[in-house]
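Below: one structure, written as structure tokens.
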Amino acid sequence: MKVKKVPEGAVKKILFWIVLVTLFLSLIFTTVRFIMAPEETTDPSVKVKGDYTLMIFQSVVGLVSLFIPTIIERKFKVDIPNSMEVLFIIFLYAAIYLGEIRSFYFLIPYWDLLLHSFSGFMTGALGFFVVDLLNTDKRVKMMMSPLFLTIFAFSFAMTIGIVWELFEFAVDGLLGVNMQKFMLEDGTPLIGREALIDTMEDIIVDAIGAFLMCLFGYISIKCREKRKTTAIQEKQ
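Using my numbering, the letters of the sequence shown correspond one by one to residues -8 to 227.
Next comes the structure, spelled out in structure tokens:
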């Protein structure tokens, strides 16, 4: 019996609606819990309003982020590969719902590092996609070398990673939350080098993920160019 392959577009739509509904319900749930939660407590097992503030904020960010690929496609008239959108949706689910709302950042060892490795890989792929799109567009009269594409993709991924860390720092300061994980789950603040470890580890694994993706992209482009050259020579 032959198994029928599900189109990537259908997978994207299914995952989109699953994550959309999940984050929307989480937003409602955390908002209700925020209203009912105490301002302060001596019981470390009881969540206070500050704990739910981050969950509400992350849920809103996740809901808005879900629509970013569609907005980009319509605004700039480009077609983002379905596989890339699927990875982006899975990342949002893992980072926001599982990581923040279900507390996987504290329950699962290295969950944050795994996600940052994944995000470095994903943003590196996005950087390659953007520049390679220009490279293959006949309206753009400029051809960029594979090495330039690789350097740009890596720089793009690292910039996104650093901007995210700056964003986390700003949100922690403005809302008094713990996105950078400079406190333990019970609110105990980390001191000195321990307080910097989360941010630096995030940047390092972003770089590793981006480097691996860029290496893969560089090899892929070189192979594509080799196939084109071979095809032209055969025609001649």
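Beta carbons are placed, not taken as given, at the ideal position from N, Cα and C, and that holds for glycine.
Since the model is a prediction, treat every value here as computed from it, not as a measurement.
DSSP places P72 in the coil class of the three-state scheme, outside both helix and strand.
Taken atom to atom, the span from the alpha-carbon of L11 to that of D70 is near 21 Å. When the five nearest sequence neighbours on each side are left out, the beta carbons in the same chain lying within less than 6 Å of the beta carbon of S50 are those of L14, S17, L18, in order along the chain.
Collapsing the DSSP output to three states places P180 in a strand. Assigned with DSSP and collapsed to three states, M113 falls in helix.
Boundaries for I87: no alpha helix (DSSP H) harbours it, and the DSSP string shows neither H nor E there. Here the alpha carbons of Y96 and W102 stand approximately 6 Å from one another. Of all alpha-carbon atoms in E156, G200, T21, the one lying nearest the alpha-carbon of L117 is that of G200. M174 carries a strand assignment under DSSP once its states are collapsed to helix, strand and coil. Rounded to the nearest whole angstrom, the C-alpha separation of G0 and A85 is 20 Å.
The residue from K213, M174, D197, L83 with its alpha-carbon nearest to that of V55 is L83. An exposed status is given to K226, since fewer than 16 other beta-carbon atoms sit within 10 Å of its beta-carbon. Taken through DSSP and simplified to helix, strand or coil, Y209 comes out as helix. Just so you know, the alpha carbons of K219 and S211 end up roughly 12 Å apart.
Excluding residues up to 5 positions away in sequence, A28 lie with their Cβ nearer than 8 Å to the Cβ of D42 in the same chain. Collapsing the DSSP output to three states places D193 in a helix. Close CB contacts of H107 within its chain, under the 6 Å cut and outside five residues either way in sequence, are with D193, V196, D197 (chain order). Around the beta-carbon of S110, 16 or more other beta-carbon atoms lie within 10 Å, marking it buried. Under the three-state reduction of DSSP output, S36 falls in the coil class, being neither helix nor strand.
A Cβ-Cβ separation of about 5 Å places F143 in contact with V122 under the 8 Å criterion. For R65, the uninterrupted alpha helix (DSSP H) segment begins and ends at 59 to 67. Out of M113, I80, E185, the CA that lies nearest to the CA of T150 is found in M113. Counting every other CB atom within 10 Å of its CB across the protein chains shown gives L187 a total below 16, marking it as exposed. By the neighbour-count criterion, in which 16 or more other beta carbons inside 10 Å mark a residue as buried, F7 falls on the buried side.
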